[in-house]
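Student: Sharing a structure with you now.
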């Protein structure tokens, strides 16, 4: 019986792994710590103490419920790290540390947990952050066992960062750092069992260094937002509504791969509303636009960066797309959930 | 149809509320912000910026998966606030701000969400913290729709706090701030449909002020831990194992109500291993024990505080209980999960 239990324990997450007892300790010690260890996390105290030589803390959180857990180009763990790092970066912060809350359905293969934990470790290293505190819960399964991941993050506000929607004005230029819609389409195509070209992969990437480059370059950056749920359309709708200005974008200049365009058509989706996990919308002063673009393009995560439009004072304020055919259409914020559990 | 949709929208959380579009915005604006509003949260940016006049940040996280969502003495929202505040407090921090990650199952009555959000707001006010950033996801339901809550928290490390397991030594005194096991037993009794006395309620309370009192009093506090999952037994087992010292506790002195004792017997549970949400185990220098006890007892959340045992250098290091009958038994850390989804 003991042998069977031991076997089961190494293969699947059990409800007992979530009880806060001996088995929880072993799950953490054997499967989480070896990959994520650092001096803050390893003592397994109730939290982490970080020295903080800065006058501000930027604090953010996101939960991830994506299915499937693993998909071309990433997994829920990589997304959780990139998403939270990117939320800090678009606030003008240098990401410093993450917390990690895992809610695991019983029956999840330990091998899956190990791959996702490893992926978290790799993404965190890439982003220059550590997971410094965490929590693990186990719940009953619903069908195929999955997991939910919450990451909260803290960062240091950059000196001289002047992000402020109130500074956005007509003439400002809108830049995106690369091809849109690939995250959501990669996941939808897996779910639909469709086989598109192999280059349709999630774009989940940590963007803090890319964004930092703009500040280092002295670009007058006025607004940043990562285009996740709701896609590019959601970000531009927020921008227009909150700044009370019109945003005019040019469909021809929006980076979109042929594969993604094709996939979106097959799935009946508007690429503008599809989630990304490695795309940031930047609003910069017109005079700085070319410099900002060059800086972004010099980074591997911004190679396909493009100026996609500008801010105008047309009334009423809305988001207007100049189509490839030369027409104009109003871009709406997606209403409900077109793509459930995409992030 | 529009009228029907509007009706449905106000009654239940729908999948579309999680899409990051118009409906997500309305759910947040109409049901979350009114109760939680503060200057950091209200702009609904990707995160919060907090000025930080301290040299350290303490950072922690916890997810809550308790069922039922509401129970005598509390609900998942109150627990999520208290639990994270208490994790900061036992690290020696003054809690400052919380993040709030909601994962809601579609079909959850909006009225339930409203009550839990209100409870979060009340508990946060009581604890002197604000929810400064958040995230909302909606997933498909499994049976009766529920929700999961993640809170991460940041706090400022208290000056002069010398919590350090390495300082724990034989002779140190172990204090708990009140009656144990009531949180877990309250929940289990609801689940079992058993009707115990009405005074069996969750003890979910924020303990930061209570704990702060010990530091203000100048008590030499060496170790603090809130006794949640795994109960008092889990904390003492950790203490003994990590300090490599024996912990001797006296069953007669452990605060336990007759109702809780009776409930534990009926449910076949050891009160020592049952989760609490408002109990902290304190290890203090022997000379300071009486002063610490009086200070705790002067706070409403410590009225039933008691000295329950001491640290000794008996070998091998273990947790030993002197029973009411005068016998001795070794207290084991719970192995797996006796009480699923208790916190």
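Chains as they are written, first to last, in my numbering: chain S, 208 to 550; chain G, 208 to 550.
Note that the Cβ used here is the ideal one computed from N, Cα and C, for glycine as well.
If you count every other CB in all the chains shown that lies within 10 Å of the CB of residue 239(S), and 16 or more means buried, which is it?
Tutor: Start at 1 with the first residue of the first chain, and residue 239(S) comes out as number 32. With 16 or more other Cβ atoms within 10 Å, it is buried.
Student: Answer yes or no: does any C-beta atom of chain S fall closer than 8 Å to that of residue 479(G)?
Tutor: The residue given as residue 479(G) occupies position 272 in the second chain. It does not; no Cβ of chain S falls within 8 Å.
Student: Apply the 10 Å Cβ neighbour rule to residue 531(G) and answer buried if 16 or more other Cβ atoms are within range, or exposed otherwise.
Tutor: Residue mapping note: residue 531(G) aligns to position 324 of the second chain, counting from 1. It counts as exposed.
Student: For the candidate residues 533(G), 487(G), 506(G), whose alpha-carbon lies nearest to that of residue 297(G)?
Tutor: As a position in the second chain, residue 297(G) is number 90, starting the count at 1. It is 487(G).
Student: Do you know offhand how far residue 209(S)'s Cα is from residue 248(G)'s?
Tutor: As a first step, residue 209(S) must be located in the first chain, where it is residue number 2. As a first step, residue 248(G) must be located in the second chain, where it is residue number 41. At residue 209(S), the pLDDT of 40 sits below 50, so the modelled position is not reliable and the matter cannot be decided from this model.
Student: Please determine, among 523(G), 272(G), 441(G), 318(G), the residue with the shortest C-alpha to C-alpha distance to residue 308(G).
Tutor: Numbered from 1 along the second chain, position 101 holds the residue referred to as residue 308(G). Comparing Cα positions, the closest option is 272(G).
Student: Interface residues of chain G around residue 484(S) at Cβ under 7 Å?
Tutor: Walking along the first chain from the start, residue 484(S) turns up at place 277. Going along chain G, no residue has its Cβ under 7 Å from residue 484(S), so there is no contact; the nearest lies around 13 Å.
Student: Check whether the Cβ atoms of residue 302(S) and residue 360(S) sit closer than 8 Å, and answer yes or no.
Tutor: If you number the first chain from 1, residue 302(S) lands on position 95. If you number the first chain from 1, residue 360(S) lands on position 153. Yes, they are a contact pair.
Student: When you compare only the Cα positions, how much space is there between residue 221(S) and residue 342(S)?
Tutor: The residue given as residue 221(S) occupies position 14 in the first chain. The residue given as residue 342(S) occupies position 135 in the first chain. Going from the Cα of residue 221(S) to the Cα of residue 342(S) covers about 16 Å.
Student: Using a Cβ-Cβ cutoff of 7 Å, what residues of the stretch 262-278 of chain G are near chain S? List them in chain order.
Tutor: Taking 7 Å as the Cβ-Cβ cut-off against chain S, the residues of the stretch 262-278 of chain G that qualify are 262, 263, 264, 265, 266, 267, 268, 269, 270, 272.
Student: When the distance is taken between beta carbons, is residue 492(S) closer than 8 Å to residue 438(S)?
Tutor: By one-based count along the first chain, residue 438(S) stands at place 231. By one-based count along the first chain, residue 492(S) stands at place 285. No, they are not a contact pair.
Student: Determine, using beta carbons only, whether residue 279(G) and residue 393(G) come nearer to each other than 8 Å.
Tutor: Locating residue 279(G) in the second chain gives position 72, where the first residue counts as 1. Locating residue 393(G) in the second chain gives position 186, where the first residue counts as 1. Yes. Within cutoff.
Student: Answer yes or no: does any C-beta atom of chain S fall closer than 8 Å to that of residue 447(G)?
Tutor: Within the second chain, numbered from 1, the residue matching residue 447(G) stands at position 240. Chain S contact via Cβ: absent.
Student: Measure the Cβ-Cβ separation of residue 345(S) and residue 452(S) and say whether it is below 8 Å.
Tutor: Position 138 of the first chain, counting from 1, holds the residue named residue 345(S). Position 245 of the first chain, counting from 1, holds the residue named residue 452(S). Not closer than 8 Å, so no.
Student: Give every residue of the same chain whose Cβ lies closer than 6 Å to the Cβ of residue 456(G), excluding the five residues on either side of it in the sequence, and list them in chain order.
Tutor: In the second chain, residue 456(G) corresponds to position 249, counting from 1. So the qualifying residues of the chain are 515, 516, 528.
Student: How is residue 519(G) classed by DSSP in three states: helix, strand or coil?
Tutor: Indexing the second chain from 1 puts residue 519(G) at position 312. Strand.
Student: Ignore the nearest five residues each way along the sequence and tell me which others in residue 440(G)'s own chain have a CB closer than 8 Å to its CB.
Tutor: Here residue 440(G) refers to the residue found at position 233 of the second chain. Here the set comprises 477, 479, 480, 526, 538, 539, 540, 541.
Student: Just the chain S side, please: which residues come within less than 7 Å of residue 230(G) by C-beta, in chain order?
Tutor: Here residue 230(G) is taken as the residue at index 23 of the second chain, counted from 1. The answer, in chain order, is 542, 543.
Student: Below 8 Å on the Cβ atoms is my contact criterion, and I expect residue 484(G) with residue 290(G) to pass it. Report the Cβ-Cβ distance as a whole number of Å.
Tutor: Within the second chain, numbered from 1, the residue matching residue 484(G) stands at position 277. Within the second chain, numbered from 1, the residue matching residue 290(G) stands at position 83. Indeed, because the Cβ distance is near 6 Å, the residues count as touching under 8 Å.
Student: Tell me whether residue 429(G) is buried or exposed, calling it buried when 16 or more other Cβ atoms sit within 10 Å of its Cβ.
Tutor: Walking along the second chain from the start, residue 429(G) turns up at place 222. Buried, since its Cβ has 16 or more Cβ neighbours within 10 Å.
Student: So, is the C-beta of residue 304(G) closer than 8 Å to a C-beta in chain S?
Tutor: The count along the second chain starts at 1 and reaches residue 304(G) at position 97. Residue 304(G) counts as touching chain S.
Student: Using a Cβ cut-off of 9 Å, pull out every chain G residue sitting near residue 295(S), in sequence order please.
Tutor: Counted from its first residue, the first chain places residue 295(S) at position 88. Correct list: 253, 254.
Student: If you follow the beta strand (DSSP E) that residue 396(S) is part of, which residue opens it and which one closes it?
Tutor: As a first step, residue 396(S) is located in the first chain; it is residue number 189 there, counting from the start. Residue 396(S) -> not in any beta strand (DSSP E); alpha helix (DSSP H) instead, spanning 389-399.
Student: With a 10 Å radius around its C-beta and 16 neighbouring C-beta atoms as the bar for buried, classify residue 446(G) as buried or exposed.
Tutor: Numbered from 1 along the second chain, position 239 holds the residue referred to as residue 446(G). Its Cβ being crowded by 16 or more others within 10 Å, residue 446(G) is buried.
Student: For residue 358(S), which beta-bridge partners are listed by DSSP?
Tutor: Stepping through the first chain from its first residue, residue 358(S) is reached at position 151. 269(S), 307(S), per the DSSP bridge assignment.
Student: First and last residue of the alpha helix (DSSP H) that includes residue 283(G)?
Tutor: As a first step, residue 283(G) is located in the second chain; it is residue number 76 there, counting from the start. 283-297 is the span of the alpha helix (DSSP H), which, as asked, contains residue 283(G).
Student: Helix, strand or coil for residue 527(G)? Go by DSSP, reduced to three states.
Tutor: Reading the second chain from its first residue, position 320 is the one you call residue 527(G). Strand.
Student: Between which two residues does the beta strand (DSSP E) holding residue 227(S) run?
Tutor: Here residue 227(S) refers to the residue found at position 20 when the first chain is read from its first residue. No beta strand (DSSP E) contains residue 227(S), which DSSP labels as neither H nor E.
Student: Near residue 468(S), which residues of its chain fall below 8 Å by C-beta distance, leaving aside the five closest residues on each side in sequence?
Tutor: For the purposes of this step, residue 468(S) is taken as the residue at position 261 of the first chain. Cβ within range, chain order: 478.
Student: Any Cβ of chain G within less than 8 Å of the Cβ of residue 355(S)?
Tutor: Against the first chain, residue 355(S) aligns to sequence position 148. With 8 Å as the cut-off, residue 355(S) counts as an interface residue toward chain G.
Student: Below 8 Å between beta carbons is the criterion; list the residues of the stretch 441-470 of chain S that meet it against any residue of chain G, in chain order.
Tutor: Within the stretch 441-470 of chain S, the residues whose Cβ lies closer than 8 Å to some Cβ of chain G are 441, listed in chain order.
Student: Chain S partners of residue 346(G), CB-CB under 7 Å?
Tutor: As a working note, residue 346(G) is residue 139 in the second chain. Those within 7 Å of residue 346(G) in chain S are 272, 548.
Student: State the DSSP-derived secondary structure class of residue 252(G), mapped to helix, strand or coil.
Tutor: Here residue 252(G) refers to the residue found at position 45 when the second chain is read from its first residue. Looking at residue 252(G) - three-state DSSP - the assignment turns out to be coil, as it is neither helix nor strand.
Student: Just curious, the alpha helix (DSSP H) that residue 436(S) is in, first and last residue?
Tutor: Position 229 of the first chain holds residue 436(S). Note, residue 436(S): premise wrong, no alpha helix (DSSP H); not H, not E.
Student: Distance, Cα to Cα, residue 357(G) vs residue 444(S)?
Tutor: What you label residue 357(G) is simply residue 150 of the second chain in a count that begins at 1. What you label residue 444(S) is simply residue 237 of the first chain in a count that begins at 1. Near 28 Å, if we compare the C-alpha coordinates of residue 444(S) and residue 357(G).
Student: Assign residue 507(G) to one of two classes, buried (16 or more other C-beta atoms within 10 Å of its C-beta) or exposed (fewer than that).
Tutor: For the purposes of this step, residue 507(G) is identified with residue 300 of the second chain, where counting begins at 1. So residue 507(G) ends up on the exposed side.
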